[in-house]
Amino acid sequence: MSVRVIARIRPLLKHELDKDSIVTAESSTDGDCKGRPTIVRLPNPKNPAESFSFQFNSVFEQDATQQEIFDAEISPTVKHLFNGFDLSIFAHGCTGTGKTHTMRGGKALADRGVIPRLLSAIFRRCKKIEKDSSGATQVTVRLEYFEIYCERVYDLFEPPEKRTPSGLPIRDNNRKTVVVGLTEKPCATLKDFEQLYDQANINRSTSATKLNAHSSRSHAVLGVKVTQTTETTIRVSRASCIDLAGSEDNRRTDNSTERLKESNAINSSLFTLANCVDAINSKAPRIPYRESKLTRILSLGQNGGRTIMILNLAPTRAYHLDTVSSLSFASRTKKIEVSEIENDPIYRTMAKPLAATSSIGGTTINRQPLRPLTAAHNAIKQEVDPKKQGTRPVKAFSVYSDTRKAAVRTSHAPTQNQGLRKPESHKRPAESNTAALRPFKKSTDYASRMRNTEPVLTKESIDALISQRIDEKLTERALQDAGAVPKLSTEVQKRLDDLEHRIVAKEDDEKGQGLQYLLMAKQHTIRGEDTSALRMYQLAMPFFPGNGKLRAKMDTLKERIRSKKMAGLGIRMGSESTRATATVSASSANLMGSLKGEKKPTKIQTEYKDESDDEFAPPLNFDHDESYASDSSFKYTKAVRKPKNPAKKLPIFRDFAGEEPSGGHTPRTVHVLNIINSRDVGRIKTLVGVGAKKAEGIVSSLLEMEDEEVLDLAGLAKLKGVGGKTAETMRMGIKLG
Ligand SMILES: Nc1ncnc2c1ncn2[C@@H]1O[C@H](COP(=O)(O)OP(=O)(O)OP(=O)(O)O)[C@@H](O)[C@H]1O
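Residues 1 to 737 (full-length UniProt numbering) are what the sequence shown spells out, left to right.
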């Protein structure tokens, strides 16, 4: 079965209402969704008289609701999950097209996205199965949730301060890619899920939605493991829901060094994903799965079960090129065949009565030694040349590999695929009267097949075997070591928990926002990202005006950044290669400077500072010395910022020629500039054309300017995400009188 690709065109956002929608949906006569459009049409960016059209399994128009998408596309797959098939759902699209909205959605019932709805459906089915079997079948749900941020994997069920800077290792184990050391949370009800998921999303969004954008800059993967246990079998299947980070065109983002680094990691992993798709489609001998963690984990084309890709699209011209590129990627993806493999159940058996010497009487259930349960996993369905059948050495093992050969299993060659089951053979072990005997029969079959096939070990297969063994050993060791991560002191942990609870409780009000910044600041401090930490403290400041402890923390950080900056400069002066780095940084600093209308030598130091921040790995007890007592001392007072007098500052931007009356700004401009220079997200987002995200972007740019202020509309237009039009919209949106 191919990857099912559905496209969703998001509606125009508030600030886009005056824009044209250039992406439309159309029905086709040969589509597989009666009545639903299957074609996306948009103009050729080079020649508007022409149009491009792309066909998918179905297309959802701007007014499609979360419910419609779930009911039409996701709900029907739930039964397959319970029949033992894995399910992968991933949202793709460039930044701001609605991936998180589609996957996670909002808090209101109608806004809830695919993930909460899927979990709700899973729990409903669990209940039904248990009820219908009168309790003979028990179903448990366990969750894993992690993000891939800058090629590092972090457990989202762990608070950021517990993370090791290098992230969790991933290994290939039994032909599946596993993240070693992930927390697995049992989850019995939808309420449990919501709590766990919301809490984990704070861990993700802490670095993101409130300015630092880890969220939108990381790929988030939620794993839902469904285990059905009967007297005779245990069947495990897994749904993976992936909210990919959006690709970014850095010519448009005006990203700073740190943001660029994240952006490059996103773009490069998505590029590898596209390369894998191309390699699979062209039946290339090597598929570059191993070139990024995302592709290793996603295993597109090697994963069994069902795969659904939701392609998110923005309707406006501003996204035109990105939209064409996403559509073309999606068209290639829809050709990928995924073997629809059912996960074999593990057969339980009644144990023989214990030996007479045993002090315990009765029977107990023993687990059978594991047979190759997932031998068919990670298989790519591909045509096999019948002439070649039988001439190839039969692999008694399969290694997750980035070469097609090592991983190939084909449904056309059942004798070579011990674990491969017929597609859609919904065998229900519980229905079988002979279930208890089957394991022996099966394992005998397996062993005899192994003997009969007499595998000839080629150099390739020996390499593969060695690599598999090494991976398995490493996984084993890593799993043993996983518990050895040093813990934070209980006191620090308690304070962080306390702070998080206060944030959750107050999330929606301004105080919650201030606390959120504080939490992020702490998380950045722990990770050694001092610059970001300082930025977060600066953002928190308006919510806790005059708080001496906060100021002291900021001073300490400033001092630390300064000394790291100096140390960085000292080290780099030494060698040839480092001089080259200095040149690159200097030129990018010059570029930054010229973009902002001036060149400042200190910018060069900023570049060094950011680099050294990232390399700085703090000791794990880094925060133990820090006083968290101050957290409770942050008393909330409504942010009041006196507008500063722009005349006192040195101008950093050219004046806005033509628009302003000579000798000064119009009252509207003064008003806008005052609001902007307040650096208060709450006030800035009240400006026309500015949403929460844009307001945070603006404040982020302002913080990069340190104490300088925006003095005119030209300066305003140069802030992140603003531009001349938005600046003008803000100005015109001010009501006078
Ligand atoms: N179908 C929709 N209906 C209403 N609003 C939507 C819809 N899709 C997206 N939005 C809004 O568009 C904005 C961007 O959406 P979202 O954050 O989900 O994008 P994204 O693709 O996840 O971006 P990024 O890659 O940067 O994380 C949000 O404000 C979201 O609420």
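All C-beta atoms, glycine included, are put in the ideal place defined by N, C-alpha and C. Owing to the predicted nature of the structure, the values given are computational and were not obtained by experimental measurement.
message: Taking its Cβ as the centre, do 16 or more other Cβ atoms sit within 10 Å of ASN47, making it buried, or is it exposed?
response: Indexing the sequence shown from 1 puts residue 47 at position 47. Flag for ASN47 reads exposed.
Residue from GLU61, PRO43, PHE60 with nearest C-alpha to SER53: Counting from 1 along the sequence shown, the entry for residue 53 is found at position 53. Looking at the Cα atoms, PRO43 is the closest of the given residues.
- request: List the residues that DSSP assigns as beta-bridge partners of TYR145.
  value: Sequence index remark: in the sequence shown, residue 145 carries index 145 (1-based). In the DSSP output, where bridge partners are listed per residue, TYR145 has LEU222.
query: Which residues, in chain order, sit with a beta-carbon under 6 Å away from any heavy atom of ligand 1?
result: Result (chain order): ARG10, PRO11, LEU13, GLY93, THR95, GLY96, THR97, GLY98, LYS99, THR100, HIS101, SER216, ALA245, GLY246, ASN312.
task: Since I believe THR95 is in contact with GLY223 (beta carbons under 8 Å), could you give me their beta-carbon distance rounded to a whole number of angstroms?
output: Numbered from 1 along the sequence shown, position 223 holds the residue referred to as residue 223. Numbered from 1 along the sequence shown, position 95 holds the residue referred to as residue 95. About 24 Å separates the two Cβ atoms, so there is no contact after all.
task: Please report the residue range of the beta strand (DSSP E) in which THR42 lies.
output: Start at 1 with the first residue of the sequence shown, and residue 42 comes out as number 42. Checking the sequence shown, residue 42 turns out to be Leu, not Thr. Unbroken beta strand (DSSP E) run through LEU42: 39-43.
- prompt: My guess is that VAL5 and PHE70 are in contact by the Cβ rule of under 8 Å, so how many angstroms apart are they, rounded?
  reply: Here residue 5 is taken as the residue at index 5 of the sequence shown, counted from 1. Here residue 70 is taken as the residue at index 70 of the sequence shown, counted from 1. The pair is not a contact, with the Cβ atoms about 17 Å apart (cut-off 8 Å).
query: To which residues of the same chain is SER627 closer than 8 Å at the C-beta, ignoring the five residues directly before and after it?
result: Working through the sequence shown from its first residue, we reach residue 627 at position 627. Here SER627 scores only 28 on pLDDT, less than 50, and its place in the model should not be relied on; the value that follows carries that caveat. In its chain, beyond the 5 residues on either side, LYS549 have a beta carbon closer than 8 Å to the beta carbon of SER627.
query: For THR686, which of helix, strand or coil comes out of DSSP?
result: As a first step, residue 686 must be located in the sequence shown, where it is residue number 686. Of the three classes helix, strand and coil, the one that applies to THR686 here is coil, per DSSP.
query: According to the neighbour-count rule (16 or more other Cβ atoms, all chains shown, within 10 Å of its Cβ), is SER166 buried or exposed?
result: On the sequence shown, residue 166 is found 166 positions in, with the first residue counted as 1. With fewer than 16 other Cβ atoms within 10 Å, it is exposed.
- prompt: Count the other CB atoms within 10 Å of the CB of ARG286; is the residue buried (16 or more) or exposed (fewer)?
  reply: One-based indexing of the sequence shown puts residue 286 at position 286. Its Cβ having fewer than 16 others within 10 Å, ARG286 is exposed.
message: According to DSSP, simplified to helix, strand and coil, what is LYS176?
response: One-based indexing of the sequence shown puts residue 176 at position 176. The three-state reading of DSSP puts LYS176 in strand, counting E and B together.
query: For LYS553, does the count of other Cβ atoms within 10 angstroms reach 16, so buried, or fall short, so exposed?
result: The sequence position of residue 553 within the sequence shown is 553, counting from 1. With 16 or more neighbouring CB atoms inside 10 Å of its own CB, LYS553 falls in the buried class.
- request: Ignore the nearest five residues each way along the sequence and tell me which others in LYS720's own chain have a CB closer than 7 Å to its CB.
  value: Taking the sequence shown and counting its residues from 1, the one referred to as residue 720 is at position 720. For LYS720, where only same-chain residues beyond five positions count, the Cβ hits under 7 Å are ASP254, GLY697, ILE698, SER700, SER701.
- prompt: If you drop the 5 nearest sequence neighbours on each side, which residues of the same chain put their C-beta closer than 8 Å to that of ARG332?
  reply: The residue given as residue 332 occupies position 332 in the sequence shown. Contacts found: ALA274, VAL277, ASP278, ASN281.
- prompt: When we look at the beta-carbon of ARG124 and count the other beta-carbons within 10 Å, is it buried (16 or more) or exposed?
  reply: If you number the sequence shown from 1, residue 124 lands on position 124. Its Cβ having fewer than 16 others within 10 Å, ARG124 is exposed.
task: From the DSSP output, in three-state form, read off CYS150 for me.
output: If you number the sequence shown from 1, residue 150 lands on position 150. Secondary structure of CYS150 (DSSP, three-state): coil.
Given LEU519 as reference, the closest of LEU711, GLU708, MET536 once Cα atoms are compared: The count along the sequence shown starts at 1 and reaches residue 519 at position 519. Closest in alpha carbon position to LEU519, among LEU711, GLU708, MET536, is MET536.
query: Grouping DSSP H, G and I as helix and E and B as strand, with all else coil, what is ASP18?
result: For the purposes of this step, residue 18 is taken as the residue at position 18 of the sequence shown. The DSSP-derived three-state label of ASP18 is coil.
message: Buried or exposed, going by whether 16 or more other CB atoms sit within 10 Å of the CB of LEU87?
response: Indexing the sequence shown from 1 puts residue 87 at position 87. With 16 or more Cβ atoms within 10 Å of its Cβ, LEU87 is classed as buried.
- prompt: How should THR189 be labelled, buried or exposed, when 16 other C-beta atoms within 10 angstroms of its C-beta is the threshold for buried?
  reply: As a first step, residue 189 is located in the sequence shown; it is residue number 189 there, counting from the start. Taking all protein chains in view, the Cβ of THR189 is surrounded by fewer than 16 other Cβ atoms within 10 Å, so the residue is classified as exposed.
task: Check SER134 in the structure and name its three-state DSSP category.
output: What you label residue 134 is simply residue 134 of the sequence shown in a count that begins at 1. Here SER134 carries a coil assignment [DSSP, helix/strand/coil].
- prompt: Which whole-angstrom value is the C-beta distance of LEU300 and ILE336, which I expect to be below 8 Å?
  reply: The residue given as residue 300 occupies position 300 in the sequence shown. The residue given as residue 336 occupies position 336 in the sequence shown. Indeed they touch by this definition, with Cβ atoms about 6 Å apart.
- prompt: Of all Cβ atoms in chain C, is any one closer than 8 Å to the Cβ of THR666?
  reply: Note that chain C does not occur in the displayed structure, where there is just one protein chain.
query: Residues in its own chain within less than 8 Å of SER328 by CB, not counting five upstream and five downstream?
result: In the sequence shown, residue 328 corresponds to position 328, counting from 1. Excluding residues within five positions, the ones whose Cβ falls inside 8 Å are PHE54.
- request: Could you check what DSSP says for PRO159 in three-state terms: helix, strand or coil?
  value: To locate residue 159, count along the sequence shown from 1; it is residue 159. Reduced to three states, the DSSP call for PRO159 is coil.
- request: May I ask which residues mark the beginning and end of the alpha helix (DSSP H) holding SER75?
  value: If you number the sequence shown from 1, residue 75 lands on position 75. Here the alpha helix (DSSP H) through SER75 covers 75-82.
field: Inter-residue spacing [alpha-carbon to alpha-carbon] between PHE60 and VAL324
entry: One-based indexing of the sequence shown puts residue 60 at position 60. One-based indexing of the sequence shown puts residue 324 at position 324. A direct Cα-Cα distance of roughly 17 Å separates PHE60 from VAL324.
query: Thinking just about the alpha-carbon of each residue, which of ALA239, VAL23, VAL672, ALA695 is nearest to the one in GLY682?
result: Here residue 682 refers to the residue found at position 682 when the sequence shown is read from its first residue. Ranked by Cα distance from GLY682, the first of ALA239, VAL23, VAL672, ALA695 is ALA695.
Contact belief for THR183 with GLU158 at Cβ below 8 Å, rounded distance in angstroms: Mapped onto the sequence shown, residue 183 falls at position 183. Mapped onto the sequence shown, residue 158 falls at position 158. Sure, about 6 Å apart at Cβ, within 8 Å.
- request: Would you list the one or two residues that DSSP bridges to ASN312?
  value: Here residue 312 refers to the residue found at position 312 of the sequence shown. ARG8.
query: If we count the other Cβ atoms within 10 Å of its Cβ and call it buried at 16 or more, is ASP530 buried or exposed?
result: Taking the sequence shown and counting its residues from 1, the one referred to as residue 530 is at position 530. ASP530 comes out buried.
query: For the alpha helix (DSSP H) that GLN538 lies in, which residues bound it at each end?
result: Locating residue 538 in the sequence shown gives position 538, where the first residue counts as 1. Its alpha helix (DSSP H) spans residues 530-540.
Rounded distance between the beta-carbons of PRO11 and SER27, thought under 8 Å: Numbered from 1 along the sequence shown, position 27 holds the residue referred to as residue 27. Numbered from 1 along the sequence shown, position 11 holds the residue referred to as residue 11. Contact doesn't hold; Cβ gap of about 20 Å is too wide.
- prompt: How would you write the range of the alpha helix (DSSP H) that ARG332 sits in, first residue to last?
  reply: By one-based count along the sequence shown, residue 332 stands at place 332. For ARG332, the enclosing alpha helix (DSSP H) begins and ends at 320-333.
message: Suppose you measure from the CA of THR24 to the CA of ALA64; what does that come to, to the nearest Å?
response: For the purposes of this step, residue 24 is taken as residue 24 along the sequence shown, with counting starting at 1. For the purposes of this step, residue 64 is taken as residue 64 along the sequence shown, with counting starting at 1. Inter-residue distance for THR24 and ALA64 is about 13 Å (C-alpha atoms, whole angstroms).
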